[in-house]
Amino acid sequence: MFNKIEGDKWRHFFVGIIMGAALQGFSSFLLRSNLLFATVIAFTIVLAISYGFELFSKLTGLGRYDFMDAVASAIGGVIGMALVLVAELYIFH
């Protein structure tokens, strides 16, 4: 099943994990008193960057637009966010 996924999607997925983890960590650091709001902000930014990159490629012609690349980045981003949330909830609290 996983061997049918294109290598390009895997790259987007793994970059998404890093992006989601970094954004969740940073937003949680800035908004320590409201973890839910920090998570909503991080998720919104993950979606905006994931699709925004593809939209930029489509509008400028500097890359190849593929909506599924954005989906792969967003899925990875959510997983990265979840990893940081688990660490925050179980290690730091």
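Numbering of the sequence shown is given in numbering that gives the first Met the number 0, commencing with residue 0 and proceeding in unit increments.
A virtual CB, placed ideally from N, CA and C, is assigned to each residue, including glycine.
Quick caveat: nothing in here was measured; it's all calculated off a predicted structure.
(request) Give the DSSP-derived three-state secondary structure of E5 in the structure shown. (result) To locate residue 5, count along the sequence shown from 1; it is residue 6. Of the three classes helix, strand and coil, the one that applies to E5 here is coil, per DSSP.
(request) Leaving out five residues on either side along the sequence, give the residues of the same chain with a beta carbon under 8 Å from the beta carbon of W9. (result) Position 10 of the sequence shown, counted from the first residue, corresponds to residue 9. Same-chain partners within the cutoff: A71.
(request) Leaving out five residues on either side along the sequence, give the residues of the same chain with a beta carbon under 6 Å from the beta carbon of F12. (result) Start at 1 with the first residue of the sequence shown, and residue 12 comes out as number 13. A71, G75.
(request) May I have the straight-line CA-CA distance separating F36 from T43, to the nearest angstrom? (result) The residue you call residue 36 lines up with position 37 of the sequence shown. The residue you call residue 43 lines up with position 44 of the sequence shown. If I take the Cα positions, the gap works out to 11 Å.
(message) Is the beta carbon of V45 closer than 9 Å to that of A73?
(response) For the purposes of this step, residue 73 is identified with residue 74 of the sequence shown, where counting begins at 1. For the purposes of this step, residue 45 is identified with residue 46 of the sequence shown, where counting begins at 1. Contact: yes.
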